[in-house]
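**Q**
Protein chains: 2
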Amino acid sequence: MHDVRAVHWDDVRNVLVLLDQTKLPAHEDYRACADVDAVVDSVRRLVVRGAPALGAVGAYGVAVAMNQASREGWDDARLQADILRIREARPTAVNLAWGVDRVRPLTSGGVAAVLSEAHAIVREDQAANRELSRIGADWILARVERRPVRVLTHCNTGDLATTGWGTAFGVIRELHERGEVEMVYADETRPLLQGARLTAWECKRQGIPCLVQADGAAASTILRGLVDVAIVGADRIARNGDTANKIGSVGVALACDAAGIPFVVAAPSSTVDMSTPDGSYIEIELRDGSEVTTYAGVSVAPIGSEGLNPAFDVTPARYISAVVSERAAVEPDGVTSVGALVGE
Amino acid sequence: MHDVRAVHWDDVRNVLVLLDQTKLPAHEDYRACADVDAVVDSVRRLVVRGAPALGAVGAYGVAVAMNQASREGWDDARLQADILRIREARPTAVNLAWGVDRVRPLTSGGVAAVLSEAHAIVREDQAANRELSRIGADWILARVERRPVRVLTHCNTGDLATTGWGTAFGVIRELHERGEVEMVYADETRPLLQGARLTAWECKRQGIPCLVQADGAAASTILRGLVDVAIVGADRIARNGDTANKIGSVGVALACDAAGIPFVVAAPSSTVDMSTPDGSYIEIELRDGSEVTTYAGVSVAPIGSEGLNPAFDVTPARYISAVVSERAAVEPDGVTSVGALVGE
Numbered sequence: 092m093h094d095v096r097a098v099h100w101d102d103v104r105n106v107l108v109l110l111d112q113t114k115l116p117a118h119e120d121y122r123a124c125a126d127v128d129a130v131v132d133s134v135r136r137l138v139v140r141g142a143p144a145l146g147a148v149g150a151y152g153v154a155v156a157m158n159q160a161s162r163e164g165w166d167d168a169r170l171q172a173d174i175l176r177i178r179e180a181r182p183t184a185v186n187l188a189w190g191v192d193r194v195r196p197l198t199s200g201g202v203a204a205v206l207s208e209a210h211a212i213v214r215e216d217q218a219a220n221r222e223l224s225r226i227g228a229d230w231i232l233a234r235v236e237r238r239p240v241r242v243l244t245h246c247n248t249g250d251l252a253t254t255g256w257g258t259a260f261g262v263i264r265e266l267h268e269r270g271e272v273e274m275v276y277a278d279e280t281r282p283l284l285q286g287a288r289l290t291a292w293e294c295k296r297q298g299i300p301c302l303v304q305a306d307g308a309a310a311s312t313i314l315r316g317l318v319d320v321a322i323v324g325a326d327r328i329a330r331n332g333d334t335a336n337k338i339g340s341v342g343v344a345l346a347c348d349a350a351g352i353p354f355v356v357a358a359p360s361s362t363v364d365m366s367t368p369d370g371s372y373i374e375i376e377l378r379d380g381s382e383v384t385t386y387a388g389v390s391v392a393p394i395g396s397e398g399l400n401p402a403f404d405v406t407p408a409r410y411i412s413a414v415v416s417e418r419a420a421v422e423p424d425g426v427t428s429v430g431a432l433v434g435e
Numbered sequence: 092m093h094d095v096r097a098v099h100w101d102d103v104r105n106v107l108v109l110l111d112q113t114k115l116p117a118h119e120d121y122r123a124c125a126d127v128d129a130v131v132d133s134v135r136r137l138v139v140r141g142a143p144a145l146g147a148v149g150a151y152g153v154a155v156a157m158n159q160a161s162r163e164g165w166d167d168a169r170l171q172a173d174i175l176r177i178r179e180a181r182p183t184a185v186n187l188a189w190g191v192d193r194v195r196p197l198t199s200g201g202v203a204a205v206l207s208e209a210h211a212i213v214r215e216d217q218a219a220n221r222e223l224s225r226i227g228a229d230w231i232l233a234r235v236e237r238r239p240v241r242v243l244t245h246c247n248t249g250d251l252a253t254t255g256w257g258t259a260f261g262v263i264r265e266l267h268e269r270g271e272v273e274m275v276y277a278d279e280t281r282p283l284l285q286g287a288r289l290t291a292w293e294c295k296r297q298g299i300p301c302l303v304q305a306d307g308a309a310a311s312t313i314l315r316g317l318v319d320v321a322i323v324g325a326d327r328i329a330r331n332g333d334t335a336n337k338i339g340s341v342g343v344a345l346a347c348d349a350a351g352i353p354f355v356v357a358a359p360s361s362t363v364d365m366s367t368p369d370g371s372y373i374e375i376e377l378r379d380g381s382e383v384t385t386y387a388g389v390s391v392a393p394i395g396s397e398g399l400n401p402a403f404d405v406t407p408a409r410y411i412s413a414v415v416s417e418r419a420a421v422e423p424d425g426v427t428s429v430g431a432l433v434g435e
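Top to bottom, those sequences are chains B and W.
Counting along the first sequence from 1, when you hit position 124 you're at 215 in the working numbering, and nothing is skipped either side.
Counting along the second sequence from 1, when you hit position 227 you're at 318 in the working numbering, and nothing is skipped either side.
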């Protein structure tokens, strides 16, 4: 099995290379990004998605902008403006801005300095994912009695959503390596089907048993007692533990609460935004309604129908049993800070 | 605007005619059913669906079987066996068996007697829908303060799901006629998209403002305060008020409970099954997983992926604010009988 890398830097061509996730699972195509337009377009169209992966894209994107600035003779104002375009290509995941901000002070040191820091972000992300997966698996095995465990997940949080290994899906992989996964229930995750297209694909690659279900089936699968724990990733975790994640996550959390099973959020500390007091401050990206009124490229609603398409929702901390980062598992109460996730 | 009839009897051709709902909204095609195979296939493939519509199909289906028996010289055992095939073509909606059972005692009186009773079922269903819509609208306007009302619905419960007017969608139409509907949030209702395809189509026909959203968006739309009441139909209502309805309904109910807004079930009394004590006794139809892993012939999950595809879920009575039939609005407590819905 070859390695899958959602995001990497090609030293020979000196470009950012992204696995085009809009084409999976039918095609495994890669897109080389040599200019800012290509980076911004890839982020907006979800060629690359997943909060941790976007962190790396933000950092490498600065290098792409610097290379373009050299080629095209930009002044610093133009360079800074184009770096800002990358930083703001999508609003909800904090990691994109975090990745840009982390390398931006190094631009005066040249592209090599920026690339070196971007590579460090990738190494740290991979290490964080491995560590949070161990912490998450430990937490789950301490709380869930049944063996092996039946896990429900929403959206995609594996190799494809990160720079490697995964967050929520990383916890599932860790449980699988310990021989403790009976079944993964993968919500298909409309409108863009990251669950059906990407999580099912990653499960197949890892040999993890998987059933794909409509998002509307999640609550009943949970209430019927088929699931022991639900685990999702995060795009932004507020200081009180409120968590923005893919649309549909809060419905899973409500069902877990009703069924009395744990709902776990897994994310590297780069996803924690201590400057956001609670979920009400998180900007939710509203994407084009046509993503809902079409399905796999086919129009499903009557011509002229309007779609409502928020890309994320916010799960209040009171419905979250634990938030796991590479530093800690925190059981948020919605009032006190989850700072332990970032080592505070 | 021409009349839409999901189910009707063509006296000239002496056949049951069904609007093929698998082809909406792109095409408005009708299928004539002259034999039992055509009826059973139409029910299984959801050419016709919706609990009240299935009640009429059950009754007319008996007439179709009797005509076929005459043409092909069946004995009574064969006729009864084929009537049973219609009765059991789908398990969850009680109305299909109810429609068959209501006309079956009349078979000795000939096709005319059966057809006369089937026509009576249609007239009664339409009258029941009009009346339950008035009762439902009154209940909602008494409980919801905001004007006009913002309504969320799941699946399709209008003209297409009934013999005319609609149940949950009938209540919305009644509210709309009273000038009290601001917006309908229509869950797309995966896997077969009855919300995006059919409810959006009916909203357009009636001039009711509508936004189609992914099923996963329902909980967050409700929690964000964009919805005043959710209203759904039913496929079977147990004696204690537990209600089987399209997969995804219970998730809507949980979100309404969390947000403190009413969750209303609207259905004619033919949907109430007093012989079923509670939801645990309701058989849930498990449809083919390929409905989830493919769309319009296009595979959306990796080749070989398995789908889990329960067609319905059960909402416990404790999450249901009111069940409305043509006889009463009952606020179920999950323990006492909802017999008032059927005049008991």
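Where a beta carbon is used, it is the ideal one built from N, C-alpha and C, also for glycine.
Bear in mind the structure is a predicted one, so any value in this text is a computation, not a measurement.
(1) Using CA atoms only, rank isn't needed, just tell me which of W:ILE375, W:GLY370, W:PRO393 and W:ASP94 is closest to SER381 (chain W).
(2) My understanding is that TYR151 (chain W) touches ALA209 (chain W), with C-beta atoms under 8 Å, so please give their C-beta distance in whole angstroms.
(3) Determine the direct distance from the alpha carbon of SER396 (chain W) to that of ALA252 (chain W), and round the result to whole angstroms.
(4) Is the beta carbon of GLN304 (chain B) less than 9 Å from the beta carbon of GLY307 (chain W)?
(5) Contact between the segment 317-334 of chain W and the segment 349-362 of chain B: three or more CB pairs below 8 Å?
(6) Could you work out which residue in B:LEU110, B:LEU377, B:ALA233 and B:SER224 is closest to ARG418 (chain B) when comparing CA atoms only?
(7) Quick one, which residues of the segment 266-278 of chain W are near chain B if we go by CB-CB under 8 Å, in chain order?
(8) Going by the DSSP bridge assignment, what does LYS337 (chain B) pair with across the sheet?
(9) How many angstroms separate the CA atom of GLY351 (chain B) from the CA atom of ALA413 (chain B)?
(10) Check whether the Cβ atoms of ASP348 (chain W) and TYR410 (chain W) sit closer than 9 Å, and answer yes or no.
(11) Determine the closest residue to VAL95 (chain B) out of B:VAL103, B:ASP111 and B:ARG104, with distance taken between C-alpha atoms.
(12) So, at 7 Å on beta carbons, what are the nonlocal neighbours of CYS124 (chain W) in its own chain, with the 5 sequence-adjacent residues on each side left out?
(13) Give me, in chain order, the residues of the same chain whose beta-carbon lies closer than 8 Å to that of GLN217 (chain W); leave out the 5 immediate sequence neighbours on both sides.
(14) Please state whether the Cβ-Cβ distance between GLN285 (chain W) and ARG140 (chain W) is less than 9 Å.
(15) CB-CB under 8 Å to GLY332 (chain W), same chain, minus the five flanking residues each way: which ones, in chain order?
(16) List the residues of chain W that GLY439 (chain B) touches, going by C-beta distances under 8 Å, in chain order.
(17) Within this structure, are the beta carbons of ARG404 (chain W) and SER340 (chain W) separated by less than 9 Å?
(18) Suppose the cutoff is 8 Å on Cβ atoms and the five residues either side in sequence are ignored; what does the same chain contact list for LEU345 (chain B) look like?
(19) Do you know offhand how far ASP250 (chain W)'s Cα is from ILE328 (chain B)'s?
(20) Helix, strand or coil: how does DSSP classify HIS267 (chain B) here?
(21) By the 9 Å beta-carbon criterion, what residues does the segment 378-393 of chain B contribute toward chain A?
(22) With a cut-off of 9 Å, does the C-beta of ALA346 (chain B) fall near any C-beta of chain W?
(23) Using the three-state DSSP reduction, which class does GLN481 (chain W) fall into: helix, strand or coil?
(24) Classify HIS99 (chain W) as helix, strand or coil using the three-state DSSP reduction.
(25) Any residues in the segment 289-321 of chain W with a beta carbon nearer than 8 Å to a beta carbon of chain B? Which ones, in chain order?
(26) Are the C-beta of PRO401 (chain B) and some C-beta of chain W separated by less than 9 Å?
(27) Got a sec: is the Cβ-Cβ distance from LEU137 (chain W) to anything in chain B below 9 Å?
(28) Flag this pair as yes or no: are the beta carbons of VAL242 (chain W) and TYR276 (chain W) separated by less than 9 Å?
(29) May I ask which residues mark the beginning and end of the beta strand (DSSP E) holding THR183 (chain W)?
(30) Per DSSP, which one or two residues make a beta bridge with VAL106 (chain B)?
(31) Check the Cβ-Cβ distances between ASP101 (chain W) and every residue of chain B, and say whether any is below 9 Å.
(32) Where does ILE373 (chain B) fall in DSSP's three states?
(33) Between VAL433 (chain B) and the rest of its own chain, which residues show a CB-CB distance below 8 Å, the 5 nearest in sequence each way excluded?
(34) Can you check whether the C-beta of LYS114 (chain B) is within less than 9 Å of a C-beta belonging to chain W?
(35) Compute the Euclidean distance between the alpha carbons of ALA172 (chain W) and ASP166 (chain W), then round it to the nearest angstrom.
(36) Closer than 7 Å, Cβ to Cβ, to anything on chain W: give me those residues from the segment 175-207 of chain B, in chain order.
**A** So, from the data block:
(1) W:PRO393
(2) 5 Å
(3) Rounded to whole angstroms, ALA252 (chain W) to SER396 (chain W) spans 31 Å at the Cα level.
(4) no
(5) no
(6) B:SER224
(7) TYR276 and ASP278
(8) B:PHE403
(9) One C-alpha to the other measures close to 14 Å.
(10) yes
(11) B:ASP111
(12) Non-local C-beta neighbours of CYS124 (chain W) in its own chain, meaning closer than 7 Å and more than five positions away in sequence, comprise VAL106, LEU107, LEU109, VAL130, SER133 and VAL155, ordered along the chain.
(13) Annotation for GLN217 (chain W): THR253, THR254, GLY255 and TRP256 place their beta carbon closer than 8 Å to its own, counting only its chain and skipping 5 residues before and after.
(14) Between GLN285 (chain W) and ARG140 (chain W), the CB-CB gap stays under 9 Å.
(15) ALA408, ILE411, VAL414, VAL421, PRO423, ASP424, GLY425 and VAL429
(16) Absent from the structure is residue 439 (chain B), since the part of chain B shown begins at 92 and ends at 435.
(17) Here residue 404 (chain W) is Asp; the residue named in the question, Arg, does not match the sequence. Going by C-beta atoms, ASP404 (chain W) is nearer than 9 Å to SER340 (chain W).
(18) ALA310 and TYR410
(19) 45 Å
(20) For HIS267 (chain B), the secondary structure class from DSSP, reduced to helix, strand or coil, is helix.
(21) No chain A appears in this structure, whose protein chains are B and W.
(22) yes
(23) Look at the range of chain W in this structure, 92 to 435, and you will see that residue 481 (chain W) is not part of it.
(24) strand
(25) ALA291, TRP292, LYS295, CYS301, LEU302, VAL303, GLN304, ALA305, ASP306, GLY307, ALA308, ALA309, ALA310, SER311, THR312 and LEU314
(26) yes
(27) Taking 9 Å as the CB threshold, LEU137 (chain W) stays off the interface with chain B.
(28) yes
(29) Run containing THR183 (chain W): none; DSSP gives neither H nor E here.
(30) B:ASP101
(31) no
(32) coil
(33) SER360, VAL363, MET365, SER416 and ARG418
(34) Output row for LYS114 (chain B): interface = no.
(35) 10 Å
(36) none
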